[in-house]
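All you need for the working numbering is the position in the sequence shown, starting with 1, plus 153. Glycine residues also receive a C-beta, built at the ideal position from the N, C-alpha and C atoms. All of these numbers come straight from a predicted model, not from anything done at the bench.
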Amino acid sequence: MRKKIAAANWKMNTTVPEGIELAKSVRQALEGVDRKCDVVLGVPFTHLCAVAEAVKGTDIIVAAENCATEPKGAYTGEVSAAMVASTGAKAVILGHSERRQYYSEDSETLVAKVAQALDNGLQVIFCCGEDLEERKDGRQFDVVRKELEDGIFNLSEDEFRSVVIAYEPIWAIGTGETATSEQAEEMLKYIRQTIADRYGKEIAEETSILYGGSCNGKNAPELFAKPNVDGGLIGGASLSAEKFLPIVEAF
Ligand code: PGA
Numbered sequence: 154m155r156k157k158i159a160a161a162n163w164k165m166n167t168t169v170p171e172g173i174e175l176a177k178s179v180r181q182a183l184e185g186v187d188r189k190c191d192v193v194l195g196v197p198f199t200h201l202c203a204v205a206e207a208v209k210g211t212d213i214i215v216a217a218e219n220c221a222t223e224p225k226g227a228y229t230g231e232v233s234a235a236m237v238a239s240t241g242a243k244a245v246i247l248g249h250s251e252r253r254q255y256y257s258e259d260s261e262t263l264v265a266k267v268a269q270a271l272d273n274g275l276q277v278i279f280c281c282g283e284d285l286e287e288r289k290d291g292r293q294f295d296v297v298r299k300e301l302e303d304g305i306f307n308l309s310e311d312e313f314r315s316v317v318i319a320y321e322p323i324w325a326i327g328t329g330e331t332a333t334s335e336q337a338e339e340m341l342k343y344i345r346q347t348i349a350d351r352y353g354k355e356i357a358e359e360t361s362i363l364y365g366g367s368c369n370g371k372n373a374p375e376l377f378a379k380p381n382v383d384g385g386l387i388g389g390a391s392l393s394a395e396k397f398l399p400i401v402e403a404f
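See the structure below:
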């Protein structure tokens with residue numbers, strides 16, 4: 154059965170000491186909780202080692218929020234997937250709309266990053282989603298299909314098994330405007346069908362597909378109750394254990 158996942162995306166928030174405190178408080182909050190989902194903490198590069206240490210001995214998965222396109226060498230300021238893996242992180246978030254928008258990450262870049270991540274044994278949380286104009290024009294399905302086709306459908310079946318999809322409509326990220334559970338289910342069902350068309354029904358059924366965009370403790374139970382919604386990628390509501398815990402418990 155495919156995994157349910159509550160994944161935090163801290164983005165560019167918290168200093169290292171604050172991040173350690175946050176990771177420890179999440180760890181503490183989860184102790185004794187009968188969880189039905191995996192918990193992932195997506196944290197800045199600077200925090201990876203310390204957060205991995207803070208959650209050591211638990212099954213909390215630490216993830217980076219990006220990695221380089223190249224394996225190593227003269228790329229000042231870049232952080233390779235091998236470096237990420239050497240911190241104890243097990244996953245990486247790739248293709249987030251903020252990276253696509255503000256750092257011009259296109260599909261070609263993402264294909265290279267995904268390859269690096271998989272080569273280094275990292276699970277990939279691959280983000281996709283349309284902006285408001287595209288939704289208004291009714292193009293959301295085409296936009297998402299193209300992001301999948303151009304970003305990850307080059308992978309072999311085996312490689313694809315290490316990928317989790319996160320659908321994040323850009324108009325819902327950090328805006329307080331969540332997609333309705335019907336809108337989320339409609340898109341996630343479409344994504345699963347698109348995966349089935351490419352990789353077959355069995356792999357599609359095993360792929361975890363998350364919703365992201367103003368997901369919180371209040372709306373998570375309704376979203377996660379939908380048959381194709383396997384969890385969430387959580388930004389704002391992942392920045393305190395108090396807000397994150399109800400999401401983990403929403404399954
Ligand atoms: P949000 O961010 O929960 O703050 O809307 C989600 C994300 O961008 O991953």
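Cβ-Cβ separation, residue j to residue i (assumed contact under 8 angstroms), whole Å
{"i": "I213", "j": "A244", "result": "Actually they are not in contact, since the Cβ atoms of I213 and A244 sit about 11 angstroms apart, beyond 8 angstroms."}
{"i": "A332", "j": "A325", "result": "5 angstroms"}
{"i": "V296", "j": "E286", "result": "The Cβ separation is near 10 angstroms, so there is no contact."}
{"i": "V196", "j": "G172", "result": "6 angstroms"}
{"i": "A221", "j": "L201", "result": "Going by Cβ atoms, the distance from A221 to L201 rounds to 14 angstroms, so no, they are not a contact pair."}
{"i": "F404", "j": "K157", "result": "5 angstroms"}
{"i": "K225", "j": "A238", "result": "So it is not a contact: roughly 13 angstroms between Cβ atoms."}
{"i": "R345", "j": "A337", "result": "About 12 angstroms separates the two Cβ atoms, so there is no contact after all."}
{"i": "V267", "j": "V277", "result": "6 angstroms"}
{"i": "A159", "j": "C190", "result": "5 angstroms"}
{"i": "D303", "j": "S260", "result": "4 angstroms"}
{"i": "A205", "j": "T240", "result": "6 angstroms"}
{"i": "L247", "j": "F279", "result": "6 angstroms"}
{"i": "R188", "j": "V401", "result": "6 angstroms"}
Beta-bridge pairing of residue i - partner residues as DSSP gives them
{"i": "V245", "result": "A217, V277"}
{"i": "V382", "result": "Beta-bridge pairing links V382 to no other residue."}
{"i": "N162", "result": "G195"}
{"i": "G389", "result": "In DSSP, G389 forms no bridge with anything."}
{"i": "Y364", "result": "Y320, G385"}
Neighbourhood of residue i by C-beta, 7 angstroms cutoff - its chain only, sequence neighbours within 5 removed
{"i": "N166", "result": "L392"}
{"i": "E310", "result": "Y352, I356"}
{"i": "L271", "result": "V277, E312, S315"}
{"i": "G366", "result": "E321, P322, A325, I326, T331, A332"}
{"i": "G389", "result": "G327"}
Contacts around residue i, its chain only, beta-carbon distance under 6 angstroms, and the 5 residues preceding and following it disregarded
{"i": "I323", "result": "S250, G282, D284"}
{"i": "F306", "result": "R351"}
{"i": "V208", "result": "A176, R180"}
{"i": "S178", "result": "A394"}
{"i": "M340", "result": "Y320"}
{"i": "P399", "result": "G370"}
{"i": "T360", "result": "I348"}
{"i": "R252", "result": "E258"}
{"i": "K379", "result": "S334, E338"}
Neighbour flag for residue i against chain B, beta carbons, 7 angstroms
{"i": "S309", "result": "No chain B appears in the structure shown, which is made up of a single protein chain."}
Residues of its chain near residue i, where Cβ-Cβ distance is below 8 angstroms and the 5 sequence neighbours each way are ignored
{"i": "T262", "result": "T222"}
{"i": "L175", "result": "W163, T167, L392, S393, A394"}
{"i": "E375", "result": "S334"}
{"i": "V382", "result": "S334, A337, E338, L341, I362, L363, Y364, L376"}
{"i": "V232", "result": "F198, A217, N219, C220, A221"}
Near the ligand ADP: residue i beta-carbon under 6 angstroms from a heavy atom
{"i": "L285", "result": "By its list of ligands, the structure shown excludes the ligand ADP, since it contains just the ligand PGA."}
- In the region 318-346, which residue ranges form an unbroken beta strand (DSSP E) of at least 3 residues, counting only runs that do not cross its ends? none
- Taking only runs of the alpha helix (DSSP H) that begin and end inside the region 253-297, which ones reach a length of at least 4 residues, in chain order? 260-272, 285-289
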